[in-house]
Amino acid sequence: MADVSHTSYLPPILTFCAGAVVAVPLFRKLGQSAVLGYLAAGIVIGPSVLALIADPDAIRGIAEIGVVLLLFLVGLELQPSRLYSMRKDILGAGLSQMALSALVIGTVAWWFGFSVGGGVAVGLALALSATSIALQVLEERSDGHEAYGRRTFSILLFQDISIAPALAILPLLATTGAAKGSTAQALASLGLALLAIAGIVLAGRYVLNPFFRILAKSGAKEVMTAAALLVVLGAALLMEHVGLSMAMGAFLAGVLLAESHFRHELEADIEPFRGVLLGLFFMAVGMSLDLKLVLDNALLLALAAPLLVLFKIAVAAAILRVSCSSTTEAIRAGALLSPAGEFAFVLLPLGVSLGLLDEQQGAIVTALAALSMLIGPVVAKLIDAWLLARVVPETIEEDFSDAGGASVIVVGFGRFGQVVTQALLLQHIDVTVIDSDVERIRSAAKFGFKIYYGDGTRLDVLRAAGAEKARIICVCIDDRAAALRIVEMAKAEFPQARLHARAFDRVHAIELMKADVDYQMRETFESALGFGRVTLEGLGLNYDEASLVIEHVRDRDAQRMEIQFHEGIAAGIDKVPRVTPEPLVQPKGKSKALTAETQEAIEDGGAEIAIGGVGEPER
Numbered sequence: 001m002a003d004v005s006h007t008s009y010l011p012p013i014l015t016f017c018a019g020a021v022v023a024v025p026l027f028r029k030l031g032q033s034a035v036l037g038y039l040a041a042g043i044v045i046g047p048s049v050l051a052l053i054a055d056p057d058a059i060r061g062i063a064e065i066g067v068v069l070l071l072f073l074v075g076l077e078l079q080p081s082r083l084y085s086m087r088k089d090i091l092g093a094g095l096s097q098m099a100l101s102a103l104v105i106g107t108v109a110w111w112f113g114f115s116v117g118g119g120v121a122v123g124l125a126l127a128l129s130a131t132s133i134a135l136q137v138l139e140e141r142s143d144g145h146e147a148y149g150r151r152t153f154s155i156l157l158f159q160d161i162s163i164a165p166a167l168a169i170l171p172l173l174a175t176t177g178a179a180k181g182s183t184a185q186a187l188a189s190l191g192l193a194l195l196a197i198a199g200i201v202l203a204g205r206y207v208l209n210p211f212f213r214i215l216a217k218s219g220a221k222e223v224m225t226a227a228a229l230l231v232v233l234g235a236a237l238l239m240e241h242v243g244l245s246m247a248m249g250a251f252l253a254g255v256l257l258a259e260s261h262f263r264h265e266l267e268a269d270i271e272p273f274r275g276v277l278l279g280l281f282f283m284a285v286g287m288s289l290d291l292k293l294v295l296d297n298a299l300l301l302a303l304a305a306p307l308l309v310l311f312k313i314a315v316a317a318a319i320l321r322v323s324c325s326s327t328t329e330a331i332r333a334g335a336l337l338s339p340a341g342e343f344a345f346v347l348l349p350l351g352v353s354l355g356l357l358d359e360q361q362g363a364i365v366t367a368l369a370a371l372s373m374l375i376g377p378v379v380a381k382l383i384d385a386w387l388l389a390r391v392v393p394e395t396i397e398e399d400f401s402d403a404g405g406a407s408v409i410v411v412g413f414g415r416f417g418q419v420v421t422q423a424l425l426l427q428h429i430d431v432t433v434i435d436s437d438v439e440r441i442r443s444a445a446k447f448g449f450k451i452y453y454g455d456g457t458r459l460d461v462l463r464a465a466g467a468e469k470a471r472i473i474c475v476c477i478d479d480r481a482a483a484l485r486i487v488e489m490a491k492a493e494f495p496q497a498r499l500h501a502r503a504f505d506r507v508h509a510i511e512l513m514k515a516d517v518d519y520q521m522r523e524t525f526e527s528a529l530g531f532g533r534v535t536l537e538g539l540g541l542n543y544d545e546a547s548l549v550i551e552h553v554r555d556r557d558a559q560r561m562e563i564q565f566h567e568g569i570a571a572g573i574d575k576v577p578r579v580t581p582e583p584l585v586q587p588k589g590k591s592k593a594l595t596a597e598t599q600e601a602i603e604d605g606g607a608e609i610a611i612g613g614v615g616e617p618e619r
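Under full-length UniProt numbering, read the sequence shown as residues 1 to 619, first letter to last.
If you want it as structure tokens, here you go:
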């Protein structure tokens, strides 16, 4: 009979996997963080609801390794050069937000009966923000490079850095309390901790890089993975041995390897373990929540959660406003920073385990952190919609009094239009440029360009700009639909003017051809041909030979474009250059087809690959 003793591990593993597979996609579908999905799954499968896992503490030790690996990856991202370039926002706004929020929240907790150490733990935990939620919202809005997005990221970065000191402070507070005033014991613990930190720093500086370099020469990827886990878990174990948190050791190891040549490989090796174990950690936090206790304090939590969110918005917005952000930017950034962060679920259980918080206090504050993560994004969306509704797009007066008589009208002064205009001005050709972006007009004025404010899709604006006398109208905007509207209108109203239009891609170019423009140019086509010519020269062809090849490609493309104009986008595939792939090394044996379709293609000699498929939106 087969040994089935190992099967006792399968039910809990399957339970965790099923909970994650159901809860996380559901919460992401609802626009919430995956962290909340893991917490909800943990609550449902834990003792408070279905009791599928009776003892959450049994898996907590393994789950905490997920936090250790997360801190290691956070450390890897903190390259000193990057931190230095952002030092003003990090040390200014980041430090102020963290310190003020933690101080006020901790004081309120102490006023409600928490110990001093417990107040510090609560203050630090709830002052942190949800990095995953904030970055997700910035990505959805495409605002990562906006001023408020950059400042939000700087504050989040400082919070990530502050995790390590927070993890060090809590054990020291617990040690001091346990010593009952024994200064010698507290100093001894602090000295031992500093000695261990110094050891990790020295090892990271002089040992780790040569160590990984030797292992890399072996060519065994699995050895590098094992070495990465050895370094992370070894540093974590050392920190735990001296009374600090395992996560702090992993964080230090990550920081010391942040400038290493092996950083990206280590990140790729650790990431799969981190994702699974971190999800398990958050599920363990959810399982440990006493749902009855939370429900008994439902009114308190219902009041405290929105107050916490609004307080954090106010603090962050005030600090950013003082640091020269506009009111709108400051409030938008503050709203993103309002939910409690993922590390609250690291610091609060640590505070409970150290005796700084009792079980009841830990459960209530953990529930408060989870609720803030639930309502924080909703509040941020409402505030953002309200702010944007109040913003009136800036305009300037349309004044074309001195714009008549130009030979060329350029509609759109973005990257494309700027290059076109420079070529015309070098020949002293009169140009009237129209754009509807106020900031772009002001920037252009600094370089001596005269740009007229107006919407180029409006007939009255084109008339005022002198389109009736223009010889050429250049449509250089990046809105394909608006470009077609301008072309159709100009064709009907200003027949004396030639129409030159910027095309977004091949399909748009054909649409413009059907609108009877005199000339169209795909925005990346010529630059790509120039790039290809220089690449050919880099491979040994002289300028004339490379130019001849590029001219051949250009001719074939023009022929294909003409065929597609008459027969549709799928036509003219025979004009696309084709290559027959050849192996870089001699195969050890004859290849075999995996499907009947592949076998048929081989027998027909169809092992060619077309460059630029029919359905591809070529530029």
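Heads up, the beta-carbon is just placed ideally off N, CA and C, and yes, glycines get one too.
Nonlocal neighbours in the same chain, by C-beta distance under 8 angstroms from residue i, ignoring five residues either side
{"i": "LEU91", "result": "PHE158"}
{"i": "LEU131", "result": "At residue 131 the sequence reads Thr, which differs from the Leu that was named. If we look at THR131 and ignore the five residues flanking it on each side, its Cβ neighbours are LEU156, GLN159, ASP160, GLY341 and GLU342."}
{"i": "GLY31", "result": "PRO377"}
{"i": "ARG28", "result": "ALA34 and GLY37"}
{"i": "LEU237", "result": "MET246 and GLY249"}
{"i": "residue 621", "result": "Because the chain here runs from 1 to 619, residue 621 falls outside it and cannot be looked at."}
{"i": "LEU459", "result": "MET489 and GLU493"}
{"i": "ILE510", "result": "MET561, GLN564, PHE565 and ILE569"}
{"i": "ILE429", "result": "SER407 and VAL408"}
Proximal residues to residue i (C-beta, below 6 angstroms), its chain only, five neighbours per side dropped
{"i": "ALA258", "result": "LEU76, LEU78 and GLN79"}
{"i": "residue 626", "result": "Residue 626 is absent from the model: the chain starts at 1 and stops at 619."}
{"i": "VAL67", "result": "ALA247, PHE281 and VAL346"}
{"i": "ALA304", "result": "LEU368"}
{"i": "ILE485", "result": "Residue identity differs from the one stated: residue 485 is Arg in this sequence, not Ile. For ARG485, where only same-chain residues beyond five positions count, the Cβ hits under 6 angstroms are THR457."}
{"i": "ALA203", "result": "none"}
{"i": "GLU146", "result": "none"}
{"i": "SER260", "result": "ASN209"}
{"i": "PHE262", "result": "PHE212"}
{"i": "LEU308", "result": "SER372"}
{"i": "ARG167", "result": "Before going on, a small fix: residue 167 reads as Leu here, not Arg. So the qualifying residues of the chain are SER245, ALA247 and MET248."}
{"i": "GLY615", "result": "Because the pLDDT of GLY615 is 39, which lies under 50, any placement of that residue in the model is unreliable, and the number read from its coordinates should be weighed accordingly. Same-chain partners within the cutoff: there are none."}
{"i": "SER338", "result": "VAL309, LYS312, ILE313 and GLY376"}
Own chain residues within Cβ distance below 7 angstroms of residue i, not counting five before or after
{"i": "PRO306", "result": "ILE375"}
{"i": "GLY106", "result": "GLY119, VAL120, VAL122 and GLY123"}
{"i": "GLU523", "result": "PHE416, ARG502, ALA503, PHE504 and ARG619"}
{"i": "LEU52", "result": "THR15 and ILE45"}
{"i": "LEU354", "result": "LEU170, PRO171 and ALA174"}
{"i": "ASP384", "result": "ARG332 and ALA335"}
{"i": "GLU265", "result": "MET224"}
{"i": "LEU128", "result": "GLN159, ALA340, GLY341, PHE343 and ALA344"}
{"i": "ALA93", "result": "ARG151, SER154, ILE155, ILE319, LEU320 and SER323"}
{"i": "ARG533", "result": "ALA546, SER547 and ILE550"}
Rounded Cβ spacing between residue i and residue j (contact assumed at less than 8 angstroms)
{"i": "ALA515", "j": "GLU488", "result": "6 angstroms"}
{"i": "ILE200", "j": "GLY249", "result": "6 angstroms"}
{"i": "MET283", "j": "ALA41", "result": "5 angstroms"}
{"i": "SER101", "j": "LYS381", "result": "SER101 to LYS381, Cβ: 22 angstroms. No contact."}
{"i": "ALA125", "j": "VAL365", "result": "7 angstroms"}
Per DSSP, the bridge partner or partners of residue i
{"i": "ARG502", "result": "MET521"}
{"i": "TYR452", "result": "ILE434"}
{"i": "SER129", "result": "ALA340"}
{"i": "ILE472", "result": "VAL408 and ARG498"}
beta-carbon residue i near the ligand MN non-hydrogen atom, thresh 6 angstroms
{"i": "SER132", "result": "In terms of ligand content, the structure shown is empty, and the ligand MN therefore cannot be addressed."}
Sequence ranges, alpha helix (DSSP H) only - wholly within the segment 76 to 125, length at least 4: 80 to 85 and 95 to 111
Taking only runs that begin and end inside the segment 515 to 562, name each unbroken beta strand (DSSP E) of 3 or more residues, in chain order. 519 to 522
Any chance you could list the alpha helix (DSSP H) runs of at least 4 consecutive residues sitting entirely within the segment 398 to 436, in chain order? 415 to 426
State whether the segment 348 to 366 contacts the segment 110 to 125, with contact taken as three or more CB pairs (one from each stretch) at a distance under 8 angstroms. yes
Using 8 angstroms as the threshold, is the segment 466 to 486 in touch with the segment 495 to 506, meaning 3 or more CB pairs across them? yes
Is it true that the segment 41 to 54 meets the segment 274 to 291, where meeting means three or more beta-carbon pairs spaced less than 8 angstroms apart? yes
The segment 268 to 278 touching the segment 189 to 205, judged by at least three CB pairs closer than 8 angstroms: no
Check whether the segment 546 to 555 touches the segment 509 to 523, taking contact to mean three or more Cβ pairs, one atom from each stretch, closer than 8 angstroms. no
contact_flag[the segment 490 to 504, the segment 462 to 470] where n(CB pairs < 8 angstroms) is 3 or more: yes
Length-filtered (3 minimum) beta strand (DSSP E) runs lying within the segment 283 to 364: none
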